[in-house]
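Undergrad:
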Amino acid sequence: STTGAVTSSSDEGALTPLVGLVVKPWENVSLYANYVEGLSIGDTAPTTAVNAGETLAPYRSRQIEIGTKIDLGRLAVTVSAF
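Numbering (the numbering used here), first residue to last: 762 to 843.
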């Protein structure tokens, strides 16, 4: 609000895990995988809505990545998918 009064608030906890694994089957090759979850603040309901000014639920994101890294001395190659 323009008066500086608090019109809404949010106080919820959430677990946002991050897990990673790296395996080196050979000295110059690494295979890796990771999983991560995240949160970002939700939007605020518009003034035309019944719940105007209410902070909406946060956005959740999830990402999985797998890949390999190969070190060939003068050349390093990385391939990943997510």
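All C-beta atoms, glycine included, are put in the ideal place defined by N, C-alpha and C.
#1: Going by DSSP, what residue range makes up the beta strand (DSSP E) through Arg821?
#2: Thinking just about the alpha-carbon of each residue, which of Thr809, Phe843, Gly828 and Gly803 is nearest to the one in Val784?
#3: In three-state DSSP terms, what is Val811?
#4: Under the three-state reduction of DSSP, which class applies to Glu844: helix, strand or coil?
#5: Who does Thr777 pair with in a DSSP beta bridge?
#6: By how many angstroms is the C-alpha of Leu792 removed from the C-alpha of Leu779?
TA: Quick look at the numbers:
#1: By one-based count along the sequence shown, residue 821 stands at place 60. Residues Tyr820 to Asp832.
#2: The sequence position of residue 784 within the sequence shown is 23, counting from 1. Nearest option by C-alpha distance: Gly828.
#3: For the purposes of this step, residue 811 is taken as residue 50 along the sequence shown, with counting starting at 1. Val811: coil per DSSP, three-state reduction.
#4: Residue 844 is absent from the structure shown; the chain starts at 762 and stops at 843.
#5: Counting from 1 along the sequence shown, the entry for residue 777 is found at position 16. DSSP output for Thr777 lists no bridge partner at all.
#6: Locating residue 779 in the sequence shown gives position 18, where the first residue counts as 1. Locating residue 792 in the sequence shown gives position 31, where the first residue counts as 1. About 17 Å.
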